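One structure is given below, encoded as structure tokens.
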Amino acid sequence: MSESNKNSSRPTKFHISGIFDALMPIFATIAALLVGAILLLLLGANPITAYSALIEGAFGSFNAFAETLVKATPLLLVGLGTCIAYRASVTNIGGEGQMIIGALLSTWIGLSFTNLPGWLMILIAFLAGSLGGAIWGGLPGLLKAYFNVNEILSTVMMNAIAVQIMNYMLRGPMIDPEQAQAASQIPQTARLEVAYRLPRLVPTRLHIGLLIAVVLAVLVYILLWRTTLGYRIRAVGQNKDASKYGGVDVKKHIVIAMLLSGAFAGLAGMMQVYGVNYRMITDGSATGFTGNAGFNGIVAALFGQLHPILTIPASVLFGGLLVGANAMQRVVQVPSALITALNGLVVVFVVSSDYFRKRNQAKRVAFVESGQDTQPPGEAKKDLEEVTA
Amino acid sequence: MEKTATQNLRSAFETLEMHNITKRFPGVLANDHVDFDVVSGEVHALLGENGAGKSTLMKILYGMYRPDEGRIVLNGKEISIPTPTAAISHGIGMIHQHFMLVPTLTVAENVALGLPSSKGPLTDLDVVSERIIDLANTYHLKIDPSAFIWQLSVGQQQRVEIIKALYRGASLLLLDEPTAVLTPQEVDELFVIMRQMTDDGYGLVFISHKLHEVVEISDRITVLRDGRKIGTQPTCDVTTQTLANWMVGHEINFITSQEKVDRGECRIELRDACCSSDRGTEGLGDVNLKVYSGEIVGLAGVSGNGQLELAEAITGLRSLISGKVFLDGQDITGLPPGKITEKGLAYVPEERMKDGMISAFNISENLVLREHHRWPFSKRGFLRMPYIYEHTDRMIKQYRIKTPSRATLAKNLSGGNIQKVLLARELSRSPRAIVAAQPTRGLDIGATEYVHEQLLDQRKKGAAILLISEDLDEILAIADRIAVIYEGKIMDILPRETATKEDLGLLMAGVHPGEELETGNC
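The listed protein sequences derive, respectively, from chains A and B. Going letter by letter, the first sequence gives residues 0 to 388 in numbering that gives the first Met the number 0. Going letter by letter, the second sequence gives residues 0 to 521 in numbering that gives the first Met the number 0.
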């Protein structure tokens, strides 16, 4: 490889394609919505009316936007956990189960101790929620690190186990005493003390959890790029051989990444109880409690390119999609299944677009290697931003 | 009777000639106007060091690379081979060093994979099995078509690969380092099979860098070096000694160090070290080796003879079955790599992008890989970015790393600059001992000289250096003592002054100088 610098001959289109890559998720969303428009047409609805209802419903009013942010909060928390796990090259699909266990543990404590000061109980609940999620994430982490058990399988299985634990607890030991006596037997817990509720930010359902999640996003950024622990997690994710050579205990850091990842999901579960519903309630499925946040959070993180700060707007966007879709359903009278389909389309398009982004990057690297071997300053700056900003 | 049944499916093969083949890769001339030919009924060995261009030449013949120049003539007719499929249709088969088999499928399923079935959409595994048994009987390949690949030994898997090629009508087989993965017994069996095939009129190309095997099995030998053909000779006309000379000769004159540094205390010591290789075979057998302060010990040997295992045994990346490792007189056996690093061992790994660098990390991050958790690079768990940047800028200047910025990702650096980053990280810690594995492989002359200067400089500062290299010129240029490793054992340790290339070449081939030389089979 020649060591000479031939920057002058480099075509500028590589800068443009860099920007194009960054915007890839946006294009993917638009593409998904276009396919969704075809579905809407097939169902006899006007896509323009439908989508304006969607945008109106998500961002059109103060209340709508507040509701979007309420939905974005668990997505962001799960997304932050996803960022950590995926940076360690561990695929945590267990957000749902980790949310459930975090919620169960924190709810149980909240219902068991009714005489504590509110701030203290909330603090304890934060810890309990994180702990529950951490346990549920840490177990697959241990299995992965020490027994080479595929974490995708184990986390999905842990989701199934968590659902059944939740159903048992909400129908049995933790059922609302009133429901236990009533004939309906709705699987839900009693309400938490009013003092234990997370403070609301504005007179809507928006609670302080959003601010906490945003602060945590910044902390995750600092963790990943400014601490030795984060450095090691990223090193393990990128190259296990070199990490081992660098003196990093690879197995231990896989477990740590999963513990942290689960803790964030557990926190999301706790906030659903303490900030939104004030009790734990289910229809027997995981979605009945989580509203699919355990999965949608992963998508939000991928949308944000596994960067904690970029995951913030990504979560808001997805929260808006969820809230707006409900409004759209009301306005154009399409079956609710379409909303699920639309959501799925966005997921598929965003995840697939990542492939093109990576391929473009690989192409650029190949170009760099095959001749003009050093980067132009612009490209380097982008790398700098990628790593530090 | 069986024999004719299988032979009918074979394309007739008489000769294959490659004329003036040239293949360039960015910055490398992999094949430089190489002529090569095979005739029916012979084993033609292609001999050369790693990177000599043997595999490239064969990949061109198998349609995996297109040559930039040159012609290929099969049975007197010029042909072009754009894809492996085309190669197969011309009757050329290749046995890759890494097998292309699906472990969870049976032998018959693997053989049938990708071929049309005689029963349309249904599989015709019974027909396939019958033909496999046919072929197996003809060439003593002893294989059960219904066995799963994962149940088979490496040698048996190789036979499946051979059957796969024969099944597809190959009459010219290219065997890429087929013995590298085999036990000595399996090698003998393979040679019997190969003889049987040449008797039947097949043409075989045998790629190897093991001299004694080449001499044992081949009829003719072609030696490649640095992409150029050095010569072709009938095997009976050559000795291992000539071949060794042909293989290792270099035009490039490396800097040599005549000045002596006073040898100090023993810094690295291996005592009766045994460990296994990645394949589970014996990697090192009772190795005893000492490296003293202020000296460079060169470890010569053909690749895959235990060099990697030796390096990893010292650095703590591989655990020993028995024996001990000492660093500075302290027993470091069984310590994790990080602890050994802290005791002052630097390691320049052979596969720098796999073991030594994180390609998606930038220069700064790669420079602190070994010491990111220690002052002054971090404090109470937080990285000290200003200091890390300052350190990076210093290293870029001191080690003359050519890069647009300190934030450039490692994967976007050239090979020479990657090695400079690695050396900067390892050597700036003032190590007490250094293990450098193939530190100049793939580097151009300038970068190679640079690496040698750095190592000599470290020697002057009193470090004990173990230089693992397949390049004898490199070792003769800068090593003070030369140890030769062969099949996991140290054959001999010679002072540089008395070592000759010829002796070293023989030791590398597992022969003690003075022993009777093997000659070709005529």
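Quick reminder that beta carbons are idealized off the backbone N, C-alpha and C, glycines included. What you are looking at is a predicted structure, and each value in this text was computed from that prediction instead of being measured.
In the DSSP assignment, the beta strand (DSSP E) including residue i goes from what residue to what residue?
i: residue 494 of chain B; result: 488–494
i: residue 46 of chain A; result: Run containing residue 46 of chain A: none in the beta strand (DSSP E); it sits in the alpha helix (DSSP H), 46–58.
i: residue 289 of chain B; result: 281–291
i: residue 82 of chain A; result: Premise fails: residue 82 of chain A lies in the alpha helix (DSSP H), 61–86, not in any beta strand (DSSP E).
i: residue 12 of chain B; result: Here residue 12 of chain B belongs to no beta strand (DSSP E), and DSSP marks it neither H nor E.
Given a threshold of 16 other Cβ atoms within 10 Å of its Cβ, counted over all protein chains shown, does residue i qualify as buried or as exposed?
i: residue 112 of chain A; result: exposed
i: residue 470 of chain B; result: buried
i: residue 320 of chain B; result: exposed
i: residue 17 of chain B; result: buried
i: residue 502 of chain B; result: buried
i: residue 4 of chain A; result: Only weak support exists for where residue 4 of chain A lies, its pLDDT of 38 falling under 50; the coordinates are left without a value.
i: residue 64 of chain B; result: buried
i: residue 365 of chain A; result: Here the model assigns residue 365 of chain A a pLDDT of 45, short of 50, so the residue's position is not dependable, and the following value carries that caveat. Exposed: under 16 other Cβ atoms inside 10 Å.
i: residue 101 of chain B; result: exposed
i: residue 259 of chain B; result: exposed
i: residue 280 of chain B; result: exposed
i: residue 59 of chain B; result: buried
i: residue 62 of chain A; result: exposed
i: residue 564 of chain B; result: A query on residue 564 of chain B cannot be resolved here, the shown segment of chain B reaching from 0 to 521 and no further.
i: residue 251 of chain B; result: Reliability fails at residue 251 of chain B, whose pLDDT of 40 lies under 50, so the model's placement of it is uncertain and the value that follows must be treated cautiously. The residue in question, residue 251 of chain B, is exposed, as its Cβ has fewer than 16 Cβ neighbours within 10 Å.
i: residue 89 of chain B; result: buried
i: residue 6 of chain A; result: Unreliable positioning characterises residue 6 of chain A in this predicted model, as indicated by a pLDDT of 38, which lies under 50. The coordinate reading is nonetheless provided below. Answer is exposed; the Cβ neighbour count stays below 16.
i: residue 99 of chain B; result: exposed
i: residue 263 of chain A; result: buried
i: residue 127 of chain B; result: buried
i: residue 316 of chain B; result: buried
Given a cut-off of 8 Å, decide if residue j and residue i are closer than it, judged by their beta-carbon atoms.
i: residue 504 of chain B; j: residue 485 of chain B; result: no
i: residue 265 of chain B; j: residue 291 of chain B; result: yes
i: residue 73 of chain A; j: residue 304 of chain A; result: no
i: residue 388 of chain B; j: residue 422 of chain B; result: no
i: residue 270 of chain B; j: residue 41 of chain B; result: no
i: residue 231 of chain B; j: residue 214 of chain B; result: no
i: residue 206 of chain B; j: residue 171 of chain B; result: no
i: residue 135 of chain B; j: residue 91 of chain B; result: no
i: residue 462 of chain A; j: residue 188 of chain A; result: This structure leaves residue 462 of chain A out entirely; chain A is present only between 0 and 388.
i: residue 289 of chain A; j: residue 120 of chain A; result: no
i: residue 411 of chain A; j: residue 75 of chain A; result: Given a span of 0 to 388 for chain A in the structure shown, any question on residue 411 of chain A remains unanswerable.
i: residue 323 of chain A; j: residue 56 of chain A; result: yes
i: residue 393 of chain B; j: residue 362 of chain B; result: no
i: residue 103 of chain A; j: residue 168 of chain A; result: yes
i: residue 36 of chain A; j: residue 331 of chain A; result: no
i: residue 346 of chain B; j: residue 277 of chain A; result: no
Where does the unbroken alpha helix (DSSP H) through residue i begin, and where does it stop?
i: residue 306 of chain B; result: 306–314
i: residue 158 of chain B; result: 153–166
i: residue 212 of chain A; result: 208–225
i: residue 250 of chain A; result: 249–270
i: residue 102 of chain A; result: 94–111
i: residue 242 of chain A; result: 239–244
Could I get the ranges of all uninterrupted alpha helix (DSSP H) runs contained in the region 411–485 of chain B, with 4 residues as the minimum, in chain order? Runs found: 414–426, 444–459, 471–477.
Using 8 Å as the cut-off, can you tell me whether the region 254–271 of chain A makes contact with the region 135–153 of chain A, which would need three or more C-beta pairs spanning the two stretches below that distance? Yes, the region 254–271 of chain A is in contact with the region 135–153 of chain A.
If contact is defined by three or more beta carbon pairs under 8 Å, each pair taking one atom from either stretch, is the region 66–79 of chain B in contact with the region 135–152 of chain B? No, the region 135–152 of chain B is not in contact with the region 66–79 of chain B.
So, do the region 356–375 of chain B and the region 430–438 of chain B have three or more beta carbon pairs nearer to each other than 8 Å? Short answer: they don't touch.
Touch test, the region 215–233 of chain B against the region 38–56 of chain B, Cβ-Cβ under 8 Å, three pairs minimum: Result yes; three or more Cβ-Cβ pairs closer than 8 Å.
What are the start and end residues of each continuous alpha helix (DSSP H) run of 4 or more residues lying completely inside the region 90–130 of chain B, in chain order? Correct list: 106–111.
With a floor of 4 residues, list each alpha helix (DSSP H) that falls wholly inside the region 137–175 of chain A, ordered by position along the chain. 150–170, all fully within the region 137–175 of chain A.
Decide yes or no for the touch test of the region 273–282 of chain A against the region 200–211 of chain A: beta carbon pairs closer than 8 Å, at least 3 of them. Touching, yes.
Specify whether the region 411–420 of chain B and the region 446–462 of chain B touch according to this definition: at least 3 beta carbon pairs, one from each stretch, less than 8 Å apart. Taking 8 Å as the limit for Cβ pairs, the verdict is that the region 446–462 of chain B does touch the region 411–420 of chain B.
Runs of 3 residues minimum, wholly inside the region 332–362 of chain B: which ones carry the beta strand (DSSP E) assignment? Within the region 332–362 of chain B, the runs of beta strand (DSSP E) that reach at least 3 residues and sit entirely inside it are, in chain order, 344–347.
Chain D contacts made by the region 214–242 of chain B, where a contact means CB separation under 8 Å: In the displayed structure, chain D is absent; the protein chains listed are A and B.
Are the region 294–310 of chain A and the region 333–349 of chain A touching by the rule of at least three beta carbon pairs closer than 8 Å? Contact between the region 294–310 of chain A and the region 333–349 of chain A is present, because at least three Cβ pairs lie under 8 Å.
Taking 8 Å as the cut-off, does the region 227–239 of chain A touch the region 157–166 of chain A (at least 3 CB pairs, one atom from each stretch)? Because the criterion of three Cβ pairs below 8 Å is not met, the region 157–166 of chain A and the region 227–239 of chain A do not touch.
Does the region 325–345 of chain A come close enough to the region 80–95 of chain A to have 3 or more Cβ pairs within less than 8 Å? With the rule of 3 Cβ pairs closer than 8 Å, the region 325–345 of chain A does not count as touching the region 80–95 of chain A.
Can you list, in chain order, the stretches of the alpha helix (DSSP H) that have 4 or more residues and sit fully within the region 277–326 of chain A? The DSSP assignment places 285–289, 292–302 as complete runs of the alpha helix (DSSP H) inside the region 277–326 of chain A, in order along the chain (cut-off: 4 residues).
Between the region 188–197 of chain A and the region 102–112 of chain A, do at least 3 Cβ pairs fall closer than 8 Å? Yes, the region 188–197 of chain A touches the region 102–112 of chain A.
In the region 18–54 of chain B, which residue ranges form an unbroken beta strand (DSSP E) of at least 3 residues, counting only runs that do not cross its ends? Along the length of the region 18–54 of chain B, whole beta strand (DSSP E) runs at least 3 residues long occupy 27–38, 42–46, reported in chain order.
Assess contact between the region 278–292 of chain A and the region 238–252 of chain A, defined as three or more Cβ pairs (one per stretch) separated by less than 8 Å. Is contact present? Touching, no.
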